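2 protein chains.
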Amino acid sequence: ALAAPAIAQSNPKVTWRIASSFPKSLDTIYGGAEVFSKMLSEATDGNFQVQVFAAGEIVPGLQAADAAANGTVEGCHTVAYYYVGKDPTWALGAAVPFALNARGMNAWHYHGGGIALFNEFLAKQGLYGLPGGNTGVQMGGWFRKEINTVADLQGLKMRIGGFAGQVLSKLGVVPQQIAGGDIYPALEKGTIDAAEWVGPYDDEKLGFQKVAPYYYYPGFWEGGPTVHLMFNKAKYEELSPAYKSLVHTAAQAADANMLQKYDYLNPTAIKNLVANGAQLRPFSQEILSASFDAANEVYADVEGKNPDFKKIWESIKAFRKDYYVNMQIAEYNYDTFMMIQQRGSKL
Amino acid sequence: ALAAPAIAQSNPKVTWRIASSFPKSLDTIYGGAEVFSKMLSEATDGNFQVQVFAAGEIVPGLQAADAAANGTVEGCHTVAYYYVGKDPTWALGAAVPFALNARGMNAWHYHGGGIALFNEFLAKQGLYGLPGGNTGVQMGGWFRKEINTVADLQGLKMRIGGFAGQVLSKLGVVPQQIAGGDIYPALEKGTIDAAEWVGPYDDEKLGFQKVAPYYYYPGFWEGGPTVHLMFNKAKYEELSPAYKSLVHTAAQAADANMLQKYDYLNPTAIKNLVANGAQLRPFSQEILSASFDAANEVYADVEGKNPDFKKIWESIKAFRKDYYVNMQIAEYNYDTFMMIQQRGSKL
Numbered sequence: 013a014l015a016a017p018a019i020a021q022s023n024p025k026v027t028w029r030i031a032s033s034f035p036k037s038l039d040t041i042y043g044g045a046e047v048f049s050k051m052l053s054e055a056t057d058g059n060f061q062v063q064v065f066a067a068g069e070i071v072p073g074l075q076a077a078d079a080a081a082n083g084t085v086e087g088c089h090t091v092a093y094y095y096v097g098k099d100p101t102w103a104l105g106a107a108v109p110f111a112l113n114a115r116g117m118n119a120w121h122y123h124g125g126g127i128a129l130f131n132e133f134l135a136k137q138g139l140y141g142l143p144g145g146n147t148g149v150q151m152g153g154w155f156r157k158e159i160n161t162v163a164d165l166q167g168l169k170m171r172i173g174g175f176a177g178q179v180l181s182k183l184g185v186v187p188q189q190i191a192g193g194d195i196y197p198a199l200e201k202g203t204i205d206a207a208e209w210v211g212p213y214d215d216e217k218l219g220f221q222k223v224a225p226y227y228y229y230p231g232f233w234e235g236g237p238t239v240h241l242m243f244n245k246a247k248y249e250e251l252s253p254a255y256k257s258l259v260h261t262a263a264q265a266a267d268a269n270m271l272q273k274y275d276y277l278n279p280t281a282i283k284n285l286v287a288n289g290a291q292l293r294p295f296s297q298e299i300l301s302a303s304f305d306a307a308n309e310v311y312a313d314v315e316g317k318n319p320d321f322k323k324i325w326e327s328i329k330a331f332r333k334d335y336y337v338n339m340q341i342a343e344y345n346y347d348t349f350m351m352i353q354q355r356g357s358k359l
Numbered sequence: 013a014l015a016a017p018a019i020a021q022s023n024p025k026v027t028w029r030i031a032s033s034f035p036k037s038l039d040t041i042y043g044g045a046e047v048f049s050k051m052l053s054e055a056t057d058g059n060f061q062v063q064v065f066a067a068g069e070i071v072p073g074l075q076a077a078d079a080a081a082n083g084t085v086e087g088c089h090t091v092a093y094y095y096v097g098k099d100p101t102w103a104l105g106a107a108v109p110f111a112l113n114a115r116g117m118n119a120w121h122y123h124g125g126g127i128a129l130f131n132e133f134l135a136k137q138g139l140y141g142l143p144g145g146n147t148g149v150q151m152g153g154w155f156r157k158e159i160n161t162v163a164d165l166q167g168l169k170m171r172i173g174g175f176a177g178q179v180l181s182k183l184g185v186v187p188q189q190i191a192g193g194d195i196y197p198a199l200e201k202g203t204i205d206a207a208e209w210v211g212p213y214d215d216e217k218l219g220f221q222k223v224a225p226y227y228y229y230p231g232f233w234e235g236g237p238t239v240h241l242m243f244n245k246a247k248y249e250e251l252s253p254a255y256k257s258l259v260h261t262a263a264q265a266a267d268a269n270m271l272q273k274y275d276y277l278n279p280t281a282i283k284n285l286v287a288n289g290a291q292l293r294p295f296s297q298e299i300l301s302a303s304f305d306a307a308n309e310v311y312a313d314v315e316g317k318n319p320d321f322k323k324i325w326e327s328i329k330a331f332r333k334d335y336y337v338n339m340q341i342a343e344y345n346y347d348t349f350m351m352i353q354q355r356g357s358k359l
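Line by line, the protein sequences give chains G and L. Each residue of the first sequence is one higher than the last, beginning at 13 in my numbering. Each residue of the second sequence is one higher than the last, beginning at 13 in my numbering.
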C-alpha cells in the first residue's frame, strides 16, 4: 500500500455545539455566538463548525454552563452571574453592582489579568472561558410608580436576580424570579411592581412602557456585564494550537462586536421608547448611595467566607480605583461637552 | 507518475509586509500591528506571515499609506488623518474635532456603515482599510503657560497638525509641524509654547511635564481616533475567502485590544505624571465652545467643496446626534456616580 502523503492537514474537521442562554429574539446577544461561529467557519474553509442552539433547544438557558461542563455540549454562550447560586464567585466574571463599565471590564479581562484569574476559578468547574460580548451599562428597569427615596423601595416586588437582588433586598426590595415571557403580564396585573431587563434595544421589543412607564437608570448592578463563551475544558484542550489561537481571536472580535452593535442600536431604540410613552427617570443619589453601601456590605460578607471571591474581587477593586481616576479626565470631559451640545441642539 | 493527492491546501503560504507609521517606542500603538500579525500567523500554522516594519524602516511613517497603495508593501498600520494634505476626507476615517468617542466611532464603523463608506473613498486610492486600533479620547497636550480664554491662544505656537491645526488657527494658534523627537527641546527652549502628543501612557515616556507642566484635557480633536490597517487593494483581493475573513476577524480583535490596553495602562501613567509634576487643567468652556464653532465653520467650508467629505461627514453627524442622547442616560450617570465615589475615596 502507498504511504499516506506527508501533507499536514492544517485545518482538521471539528464540529462543536454551543448552548446559548438566550432566545433568538434577543438577536444582538444571541447573535454574538453566531458571529463567533461564522468567524471560525469562514477562517477554516468550513472545517471548524460551531452550531449554536438557542435557550431550551438542548438545555434550558440557565443550565448552559452545566451542559458545557458535563460535556453535553462543547461550549456555551452565557452570562457567568447566572450561576451565583453555586458560588458567588461566578458573578465576578460578568458583573456585580458598582463594578467596572464595559471598557473597564475589558481592560481588566484582557490586560489586568482578569481572563487568567477567572479561568483559575472556571477550571475547577471543568470550563475554560473567554469574554464573548458586553451590553454596556444596562438600564435600571421598568417601574409602575416613581421611586424617589429608599423608603419607596420598601416592599417593592421587583423582577431582579443574583447579587443585585441581594443588595436591593437589604433596602427592602422583594426580589422576584420570573422568566422573560412572564414579565409583561405580571407588571400589567400588578403582581410585581418593577422589572429589569437589558437596555433600550432589547427592552423595546417587550413593550413594558405600556404597563410600567417609569424607565429608571442606570442599572447600577450591571455597569458593563461580560457575556462569556465557555468551553468544556477537556474539549478546548484537545484543539490544535492554531484552533486555540483562532478561538481567542474570534472571541475577542465577537466580544467587541456585541457592544458595537448595541451602541449602534440603542440610540434609535431609546428615542422610540420615549416617543411611545417611556418616562425616563434617574435613580436618586439617595438610592444609589444606599445601594452602594449595601453592596459593599454584601462584598465584605462574601469576602470573609470565600477566598476565590476575595482574590478576584480585590483585583477588580484595585483596578477600578485607578480606572475611574483616568476616565474622569479626558473621556468624561469630552463626553460632557458633547452632551451639552446635544442638549443645545447643536449636533 | 502518480497524480498529486486531491487534498486542498487550505492555508496557502502568504507573506506580507506592513509599514507602520509608528516607532517601536510607542509600544501600544505600534504593537497593534504585531498583535494582528501574531493572530494571522498562529491561526494558519505560520502560513500567513505578516512582517511589521517600524516607521522609517522601509518608508517614513507619514508615507505608510502611499507605500501600501503603490505596492511597495502589502499593507500599513497608520492613522488616516495623516493624509489630509491629499484630501480632507482621509481624516473622517480616523478622527476630526468634536466627532465620536471610541465606542461611538466603532459603532459607526462596524454597524453604521462606516467601514463600507470609508472604503468607497479608499478604493479610489488603491487601498482597502479596516479599523485596527483606537487610543480613546486623547489629552489636549502640554502647555508652558496656563490658557484660560480664547485671547490666551493668540499667537500661541503649538505643535499640532491637520484639521485640529486648521480649527485652532481660526482662534489665533500658530500650528507647528515638529517630529516627535524634536518636541522636547522645542518646548524647553520656548521655540514652541505647547505640543499635543497622545495620552498619559505615551506622554509619560517623553517627560514633557518638566518643560511644559500644564497638561490640558480633553484633546477635543481626537475623541476616539481610529488607527487603521490598510492594505493594497489588489493584494487584499488576491487573498482566499478564508484569509479575507481571518483578516477581518483579526483586525476587529486587534482594534479592540489596543483600546483595552490603553485603558489598562493610562490610569497608572496619569498617576505617575501628576506625581512627577504634571498640572492637570481642563480647557475652559469658552475655549471649547469657540473651537466647536470654528470646527463647524471648517466643516461647512469643506462640505461645500468636497462631495466625498460631505457624504461621510453627514453619516457620522447623523449618528453622533443620537449616540450622545443615549450615552447621557445609563452610561453617563453610572460613570458619574462611580467618579463621585472615587473622589470621595470610597473605591
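Ideal Cβ positions, reconstructed from N, Cα and C, are used throughout, including at glycine. Quick caveat: nothing in here was measured; it's all calculated off a predicted structure.
*asked:* Any beta carbon from chain L within less than 9 Å of R156/G's own beta carbon?
replied: Walking along the first sequence from the start, residue 156/G turns up at place 144. So, not an interface residue.
_Same chain, Cβ closer than 6 Å to P24/L, five either side skipped, listed in chain order_ = The residue given as residue 24/L occupies position 12 in the second sequence. Hits under 6 Å: none found.
_Three-pair Cβ contact test at 8 Å for the stretch 79-97 of chain G versus the stretch 235-253 of chain G_ = yes
*Is there a Cβ from chain G that is less than 9 Å from the Cβ of W325/L?*
Within the second sequence, residue 325/L is the residue found at index 313, counting from 1. False, the Cβ-Cβ gap to chain G never drops below 9 Å.
*asked:* What does the alpha-carbon distance come out to for the pair A103/G and V64/L?
replied: On the first sequence, residue 103/G is found 91 positions in, with the first residue counted as 1. On the second sequence, residue 64/L is found 52 positions in, with the first residue counted as 1. Those two C-alpha atoms are separated by around 40 Å.
_Report the start-end ranges of each beta strand (DSSP E) in the stretch 280-316 of chain L that is 3 residues or longer and not cut off at the edges._
291-294
*With DSSP run on the structure shown, which of helix, strand or coil describes T348/L?*
For this step, residue 348/L is matched to residue 336 along the second sequence. T348/L falls in the helix class under three-state DSSP.
*Looking only at C-alpha atoms, which of S22/G, F34/G, L38/G sits nearest to S53/L?*
For this step, residue 53/L is matched to residue 41 along the second sequence. Selected option, being the one with the closest Cα: S22/G.
*For S33/L, count neighbouring Cβ atoms within 10 angstroms of its own Cβ and tell me buried if that reaches 16, exposed if not.*
One-based indexing of the second sequence puts residue 33/L at position 21. S33/L should be labelled buried.
*May I ask you to check if the CB of F130/L is nearer than 8 Å to at least one heavy atom of the ligand FMN?*
Judged by which ligands are present, the structure shown has none, so any question about the ligand FMN falls away.
*Interfacial residues, the stretch 266-278 of chain L to chain B, with Cβ spacing under 9 Å*: The structure shown contains no chain B; its protein chains are G and L.
*Sort out for me which residues DSSP pairs S327/G with in a bridge.*
Locating residue 327/G in the first sequence gives position 315, where the first residue counts as 1. None; S327/G has no bridge partner.
_Identified DSSP bridge partners for K169/G_ = Translated into positions along the first sequence, residue 169/G becomes position 157. K169/G is bridged to V186/G.
_Nearest by alpha-carbon distance to H123/L: which of T90/L, Y276/L, M151/L, P143/L is it?_
The residue you call residue 123/L lines up with position 111 of the second sequence. Answer by Cα proximity: P143/L.
*Could you check which residue in A254/G, Q340/G, L251/G, A306/G has the C-alpha nearest to that of L292/L?*
If you number the second sequence from 1, residue 292/L lands on position 280. Measuring from the Cα of L292/L, the nearest candidate turns out to be Q340/G.
_Partners in chain G for G153/L, counting only beta-carbon separations shorter than 8 Å_ = Stepping through the second sequence from its first residue, residue 153/L is reached at position 141. Near G153/L there are no residues of chain G at all, since even the closest Cβ is about 11 Å away, more than 8 Å.
_Between A106/G and A92/G, how many whole angstroms is the CB-CB distance? I'm expecting something under 8 Å._
Counted from its first residue, the first sequence places residue 106/G at position 94. Counted from its first residue, the first sequence places residue 92/G at position 80. The C-beta distance from A106/G to A92/G rounds to 4 Å, short enough to fall under 8 Å.
*Identify whether W233/L lies in helix, strand or coil by the three-state DSSP scheme.*
On the second sequence, position 221 is the one that residue 233/L refers to. W233/L: coil per DSSP, three-state reduction.
*Thinking just about the alpha-carbon of each residue, which of A254/L, A281/L, D99/L is nearest to the one in K136/L?*
The sequence position of residue 136/L within the second sequence is 124, counting from 1. With distances taken between Cα atoms, K136/L lies closest to D99/L.
_Three-state class that DSSP yields for M242/G in the structure shown_ = Taking the first sequence and counting its residues from 1, the one referred to as residue 242/G is at position 230. DSSP places M242/G in strand when its eight states are reduced to three.
_Residues sharing a beta bridge with Q61/G, DSSP_ = Sequence index remark: in the first sequence, residue 61/G carries index 49 (1-based). T27/G.
*Helix, strand or coil: which one does DSSP assign to S33/G?*
Here residue 33/G refers to the residue found at position 21 when the first sequence is read from its first residue. Looking at S33/G - three-state DSSP - the assignment turns out to be coil, as it is neither helix nor strand.
_Distance, G236/L Cα to K50/L Cα_ = Along the second sequence, read from residue 1 onward, the residue named residue 50/L stands at position 38. Along the second sequence, read from residue 1 onward, the residue named residue 236/L stands at position 224. Their Cα atoms are separated by approximately 25 Å.
_Neighbourhood of L134/G by C-beta, 6 Å cutoff - its chain only, sequence neighbours within 5 removed_ = The residue given as residue 134/G occupies position 122 in the first sequence. These residues qualify, in order along the chain: G141.
_For W209/L, three-class secondary structure by DSSP_ = Taking the first residue of the second sequence as 1, we reach residue 209/L at position 197. Of the three classes helix, strand and coil, the one that applies to W209/L here is coil, per DSSP.
*7 Å CB neighbourhood of K322/G in its chain, flanking five on each side removed*: On the first sequence, position 310 is the one that residue 322/G refers to. Closer than 7 Å at Cβ, skipping near neighbours: E315.
*Please compile the residues from chain L whose C-beta is within a distance smaller than 9 Å of the C-beta of S257/G.*
Here the question's residue 257/G lines up with position 245 in the first sequence. Going along chain L in sequence order, the residues near S257/G (Cβ under 9 Å) are K50, M51, S53, E54, A55.
*asked:* Under 9 Å, Cβ to Cβ, is there at least one residue of chain G near I172/L?
replied: Taking the first residue of the second sequence as position 1, residue 172/L is located at position 160. With 9 Å as the cut-off, I172/L does not count as an interface residue toward chain G.
*Taking a Cβ distance cut-off of 7 Å, strictly less, list which residues of the stretch 222-245 of chain L are near chain G, in chain order.*
Y229, P230, G231, F232, G235
*Along chain L, which residues have their Cβ under 9 Å away from the Cβ of S22/G?*
The residue you call residue 22/G lines up with position 10 of the first sequence. The answer, in chain order, is Q21, S22, N23, T56, D57, N59.
*asked:* I'd like to confirm the pairing. Which residues does DSSP put opposite T90/G in its beta bridges?
replied: For this step, residue 90/G is matched to residue 78 along the first sequence. DSSP output for T90/G lists H240/G as bridge partner(s).
_I need the DSSP call for L277/G, collapsed to helix, strand or coil._
Position 265 of the first sequence, counted from the first residue, corresponds to residue 277/G. Looking at L277/G - three-state DSSP - the assignment turns out to be helix.
*If you drop the 5 nearest sequence neighbours on each side, which residues of the same chain put their C-beta closer than 6 Å to that of Q354/G?*
What you label residue 354/G is simply residue 342 of the first sequence in a count that begins at 1. Result list for Q354/G: empty, nothing under 6 Å.
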